[in-house]
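What follows is a short report on a single structure.
There are 2 protein chains.
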Amino acid sequence: MEIRFLGTGGSIPTGFRASPSVVVRRDEELLMFDCGEGTQVRMASCGLGLNKPMKIFITHMHGDHVLGLPGLIMSMSLLGRTRELEIYGPPGIREFLESIGRILGYDPKFPISIEEVRAGGAVEGRGYRVLVEAADHGIPCNAFSLEEGAKREFLPERAMELGVPKGPLWKELQLGRAVSINGRIVEPSQVLGELKRGRKIVYASDTRPSEPIMSLSRGADILIHDSTFDDSRAEEAKEYGHSTASEAASVAKGAEVRALILFHLSPIYRDPAPLLLQAKRIFPNSMVAYDSMALEL
Amino acid sequence: MEIRFLGTGGSIPTGFRASPSVVVRRDEELLMFDCGEGTQVRMASCGLGLNKPMKIFITHMHGDHVLGLPGLIMSMSLLGRTRELEIYGPPGIREFLESIGRILGYDPKFPISIEEVRAGGAVEGRGYRVLVEAADHGIPCNAFSLEEGAKREFLPERAMELGVPKGPLWKELQLGRAVSINGRIVEPSQVLGELKRGRKIVYASDTRPSEPIMSLSRGADILIHDSTFDDSRAEEAKEYGHSTASEAASVAKGAEVRALILFHLSPIYRDPAPLLLQAKRIFPNSMVAYDSMALEL
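So the sequence lines, in the order shown, correspond to chains G and H. Per this note's numbering, the first sequence starts with residue 5, numbered consecutively. Per this note's numbering, the second sequence starts with residue 5, numbered consecutively.
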């Protein structure tokens, strides 16, 4: 699983921080969170491809989080995408896409499903689900938690001991089906290790620090959290429904996540060092997202 | 006068050619032609500024020519623009901007005038006008000709001979007002050279080669013309309402322009050399636009 930060800036895109978009690549599927202006170009330059199975999750209907969507859809269609594209967003997302499509007269040549989601909702995927929680941003705004199902690891040495040769029979066991070796049955449970919880990534942009977000983030491997301002601008953060670096760090600490990624920085921070220092004081395993940053998980 | 090519590619933006947008900086005013996705960032990185007097001319309602407009307007508002922004485009431009504004809930803090223009229309500016002609692109599509008024050049040495000292009196004469020197009247005509025609720049993207465009382009200093395909794809050019490099060159030759800029190249041309060679065979003073290219005129 790889997390790609295509854009990491808030409100106004700049040459050093594009509008928000994060893509999680999981097996062959892409899960995109937000789609600011220019996302399609950065997607292509990261080699992510436009004809993969894909779900797009939109937090809220502010331009910097959604204005890249029409162009992305148009380019996918021009480039011959055939697979369905699933879009999950707040109320308004359907009207937005349908209005623009009608006015610009484009009619994508692949199916698009649009679902308006709210706090408490969940989107099921193959081996994972995405939970929806309410962010605190003044308008309807979602935060998302991508959670893989618990899995038992396949133990090759155990399979060898039981006389199951490497090959298609291993695949059967991995898929949870018993196999027969010289009349003897080997059950999947005999070659699988302990149940291990799956990975968990939370995307919370834009938002004030909040109890529901902390609760959604409980034990996450990665928390990507609004960190629009440094602590000297706490009042602005409050006024505009954003978080400071310290507030993001407090959520990370309270939720006992493994790592915090400071995200959605205001364009006033050419140098993000102050935000990082402030966050690290509260939650040491903090880092600042930058455009094109990739994390392997 | 400076022409800045912010984006020069057709249909799908890439890392090497962004969606179309050209800005003419004339005195303190910016005249933008088309506004593809991502234009605002490239405008800022060219130092063009978001609070200048500005007119935006949109050719047609295809996404790659117009999807940068909402984000540009939002950023202008966030950055405190106060001046009116004038937008001239095809039918649909008003509904496009108003729908997106309503759905995304943004309400710019500066006045915006939107005028739907058609062939035969003209927009008057200070010392220039922009004529509108119909492009041939399958849907309503404008081409624009920016034409400065004819001007007489001020001759400082003539003013000196007539005893008018350098300073505010020169300004008066340049503004066309007579001045008095020791009771003697000096008329502006006495210190001005011959009438010289102003500069002329034509922006014709997207279009098939056509008589009306050739006529609009007559004697232009610069013709920026659709050149989506090389000659081997003449059928595609025809089918999609675009021009080949040779077709663009034929328009330039027929209209006796000074220079042709090949524009709106398909993303299939990582190397634009074939298009340039084909155009030069017909019209030697051809060049290929590239992103961030600046021309002084």
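Every residue, glycine too, gets a C-beta built ideally from N, C-alpha and C.
- DSSP places S250(H) inside the alpha helix (DSSP H), whose first and last residues are 249-258.
- For G11(H), the enclosing beta strand (DSSP E) covers residues 6-11.
- G93(H) is bridged by DSSP to E120(H).
- Annotation for H69(H): the continuous alpha helix (DSSP H) segment containing it runs 67-70.
- Counting the other Cβ atoms within 10 Å of the Cβ of K204(G) gives 16 or more, which makes it buried.
- In the DSSP annotation of this structure, M218(H) is not part of any beta strand (DSSP E); the continuous alpha helix (DSSP H) holding it starts and ends at 215-221.
- Per DSSP, the unbroken beta strand (DSSP E) holding M58(G) starts and ends at 58-61.
- The bridge partners DSSP lists for I107(G) come to none.
- Of the residues E191(G), A147(G), G131(G), L135(G), the one whose Cα lies closest to the Cα of M65(G) is A147(G).
- Contact between the stretch 115-134 of chain G and the stretch 43-55 of chain G is absent, with fewer than three C-beta pairs closer than 8 Å.
- A contact between stretches requires three or more CB pairs, one per stretch, nearer than 8 Å, and the stretch 260-278 of chain H fails this requirement with the stretch 174-189 of chain H.
- At least one CB of chain G lies nearer than 8 Å to the CB of A48(H).
- Inter-residue distance for N289(H) and D31(H) is about 27 Å (C-alpha atoms, whole angstroms).
- Listed in chain order, the positions of the stretch 52-67 of chain H with a beta carbon within less than 8 Å of a beta carbon of chain G are M65, H66, G67.
- A277(H) and A249(H) have their C-alpha atoms some 11 Å from each other.
- Annotated three-state conformation of M36(H) is strand, per DSSP.
- The C-beta of L89(G) comes no closer than 8 Å to any C-beta of chain H.
- Excluding the 5 residues flanking it on each side, D235(H) has same chain C-beta neighbours closer than 7 Å at T248, A249, S250, Q282, in chain order.
- Taking a Cβ-Cβ cut-off of 7 Å, the neighbours of Y110(G) in chain H comprise G67, given in sequence order.
- The continuous alpha helix (DSSP H) containing I286(H) extends over residues 277-286.
- P94(H) has a beta carbon lying at 8 Å or more from every beta carbon in chain G.
- When the alpha-carbon of R130(H) is set against those of G202(H), Q44(H), V292(H), the nearest one is in G202(H).
- At a cut-off of 8 Å between beta-carbon atoms, I272(G) makes no contact with chain H.
- Under the criterion of beta carbons closer than 8 Å, Y207(G) and V26(G) qualify as touching, at roughly 6 Å.
- Straight through space, the alpha carbons of L159(G) and G187(G) are spaced by roughly 22 Å.
- Between K59(G) and E90(G), the gap from beta carbon to beta carbon is short of 8 Å.
- Residues of chain H whose Cβ lies closer than 8 Å to the Cβ of E99(G) are, in chain order, I107.
- Look at the stretch 121-143 of chain H: the residues with a C-beta under 9 Å from a C-beta of chain G are I143.
- Counting only Cβ-Cβ distances below 9 Å, G19(G) has contacts in chain H at V45, R46, A48, S49, in chain order.
- The contact set of S15(G) on chain H, defined by CB atoms closer than 9 Å, consists of M78, S79, L82 in chain order.
- The beta carbon of L279(H) sits closer than 7 Å to those of S231, D234, A249, L266, L269, Y273, V292, all from its chain and outside the five residues before and after it, given in chain order.
- Out of V195(G), V168(G), A126(G), the CA that lies nearest to the CA of R156(G) is found in V195(G).
- Taking 8 Å as the threshold, the shortest C-beta distance from E41(G) to chain H falls below it.
- A direct Cα-to-Cα measurement between L83(G) and G258(G) gives close to 45 Å.
- In the same chain as I118(H), and ignoring 5 residues on each side of it, the C-beta atoms closer than 7 Å to its own belong to I91, I97, R98, L101, in chain order.
- Taken residue by residue, none of the stretch 234-255 of chain H has a beta-carbon sitting less than 8 Å from a beta-carbon on chain G.
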